[in-house]
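> Per the working numbering, residue 131 is the first one in the sequence shown, and the count goes up by one each step.
Would you mind keeping the following structure in view while I ask a few things?
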Amino acid sequence: MALDQSFTGRVYPPTSTYEVSREKIREFADALGDANPLYRDPEAANAAGYPDVIAPPTFLTIINLASINAIVSDPELGLDYSRMVHGDQRFTYTRPVHAGDVLSLTTHIDNIMARAGNDFINLRAEISGADGGLIATTNAQLVVRGEDA
131 MALDQSFTGR VYPPTSTYEV SREKIREFAD ALGDANPLYR DPEAANAAGY
181 PDVIAPPTFL TIINLASINA IVSDPELGLD YSRMVHGDQR FTYTRPVHAG
231 DVLSLTTHID NIMARAGNDF INLRAEISGA DGGLIATTNA QLVVRGEDA
């Protein structure tokens, strides 16, 4: 079943916030196997000009994934999760995420298209801090393989 293209342009406002902690940053860096002191040592982060430890660039996957899952699980969209693969992911930052940030996320469906029997859905999430200022934008493309693929 093809994705409902009328979902293009939909905006999903924040439903909660996510408070970034030193522990979550450390756990994420551990999972990556990245020993960068900026992810673990507040003094090293301060010396580099940051207010606290910063998060690895892909850390925002934690909150972005929940947003993506909320969209793809909407039965009206018509997405068969068992046929979905992650096609692309990009992160664009205005500043690094650091411990103490309280993040909120607004997700947009920028485009839905069919090509070669497959459906493609392009999602954009704007991630803001407690002051409402934009911290980062993420872009994801999901591919839903066609029945014959």
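Cβ coordinates follow ideal geometry from the N, Cα and C atoms, glycine included.
A quick note: this is a predicted structure, and the numbers were derived from the prediction, not measured.
Below 7 Å CB to CB, which residues in the same chain sit around Pro144 once its five sequence neighbours on both sides are set aside?
Contacts found: Ser234, Leu235 and Thr236.
> Would DSSP call Asn166 helix, strand or coil?
Coil, per DSSP.
> Find the nearest neighbour of Val150 within the set Ala270, Ser258 and Val274, judged by alpha-carbon distance.
Among Ala270, Ser258 and Val274, the Cα nearest to that of Val150 is on Ser258.
> Compute the Euclidean distance between the alpha carbons of Asp249 and Ser212, then round it to the nearest angstrom.
Going by the C-alpha atoms only, they are around 13 Å apart.
> With 16 other CB atoms within 10 Å as the buried threshold, where does Asp231 fall?
Per the 10 Å Cβ criterion, buried.
> Could you tell me whether the segment 213-220 touches the segment 166-182, where touching means 3 or more Cβ pairs closer than 8 Å?
Verdict: no, contact absent.
> From this set, Tyr180, Ile155, Asp182 and Asn194, which residue's C-alpha is nearest Arg220's C-alpha?
Checking every option, the nearest Cα to that of Arg220 belongs to Asn194.
> In three-state DSSP terms, what is Val274?
Three-state result, Val274: strand.
> Report the rounded CA-to-CA distance for Lys154 versus Thr147, giving the unit in angstroms.
When rounded, the distance between both Cα atoms is 15 Å.
> What does a CB cutoff of less than 7 Å around Met289 pick up in its chain, not counting 5 residues either side in sequence?
Residue 289 lies beyond the range of the chain shown here (131 to 279); nothing can be said about it.
> Note down the Cα distance separating Tyr169 from Leu264, rounded to an integer number of angstroms.
Rounded to whole angstroms, Tyr169 to Leu264 spans 21 Å at the Cα level.
> What is the DSSP secondary structure of Asp249, counted as helix, strand or coil?
In this structure, Asp249 counts as strand in the three-state DSSP scheme.
> Near Asp164, what residues of its chain come up, given a Cβ to Cβ distance below 7 Å and the 5 sequence neighbours on each side ignored?
The answer, listed in chain order, is Pro186.
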